[in-house]
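Below is one structure, written out as structure tokens, with a few remarks after it.
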């Protein structure tokens, strides 16, 4: 563990997660024993076990009887658990594997979400998108990207809500930290903020005009721009080039 960790119960899980995401402990490695953690943080064994239990519940570590707690492969983490996505958002940094997995998932689902939004969006949904977009436009050249990032995430969440599907709407809550993770990193690294803004406008306009096919491809374009900004290789072969006629037809 990092020697600078503060002796505070709230920091136990946070510090271990940070060490794992920083690569200090790799998948298959054992983290320090309970007693060592107790001494390091000056905490009781019951408190430490409770915090280790949070990592077990998140699929991040597994307890091996007689040996200790071992880091699991990232693919086994409960990535949609809000606690896990919060840890990733706060501590992952430019973690290529995490970024690749999140982008791959978003590239699989968000074009379809955009297509559904183009068919289902109400005037109120369009206002939410436009307000978020205007916030992005207003702040897209800010040196501090905090406000732009907030508006960018709100823009994508508004599209999920515009589907008027309860599953997608609820999923947007779970995905919000992961979307923020990508947005915050890509917005500080993009070489062409104006182009990124224009790609979001194209997506919004397609939804407003109820052009399902255009919305689908505009969403793909937005995410491909994100991948380029992050220098993450995303294979788009799994994304269908054409939509089924009965779904893609504009209303």
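In the numbering used here, the protein residues as written are 37 to 287.
Ideal Cβ placement from N, Cα and C applies to all residues, glycine included.
Span of the alpha helix (DSSP H), counted from its first residue to its last, around residue i
i           : result
residue 96  : Note, residue 96: premise wrong, no alpha helix (DSSP H); not H, not E.
residue 196 : 182-197
residue 157 : Looking at the DSSP string, residue 157 is not in any alpha helix (DSSP H), and its letter there is neither H nor E.
residue 50  : 47-57
residue 36  : Outside the modelled stretch of the chain, which goes from 37 to 287, sits residue 36, for which no answer is possible.
residue 231 : 229-244
residue 76  : 70-77
residue 113 : Where residue 113 is concerned, there is no enclosing alpha helix (DSSP H), given that its DSSP letter is neither H nor E.
Host beta strand (DSSP E) of residue i (start-end)
i           : result
residue 106 : 104-107
For residue j and residue i, believed in contact at Cβ under 8 Å, the rounded distance
i           : j           : result
residue 140 : residue 270 : 6 Å
residue 254 : residue 239 : 4 Å
residue 67  : residue 48  : Actually they do not touch by this definition, with Cβ atoms about 11 Å apart.
residue 266 : residue 221 : 6 Å
residue 88  : residue 101 : That pair is no contact at about 14 Å.
Residues near residue i in its chain [Cβ-Cβ closer than 6 Å; skip 5 each side]
i           : result
residue 53  : 123 and 127
residue 251 : 150, 151, 154, 242 and 243
residue 257 : 235
residue 161 : 198
8 Å Cβ shell around residue i - same chain, five flanking residues per side excluded
i           : result
residue 205 : 196, 197 and 199
Spatial neighbours of residue i in its chain, beta-carbon cut-off 7 Å, leaving aside the 5 residues before and after
i           : result
residue 108 : 63, 95, 96, 97 and 98
residue 226 : 232 and 265
Any chain B beta carbon closer than 8 Å to residue i
i           : result
residue 146 : Absent from the structure is chain B; it holds one protein chain and no more.
Reduced DSSP secondary structure (H/G/I, E/B, other) of residue i
i           : result
residue 268 : coil
residue 256 : helix
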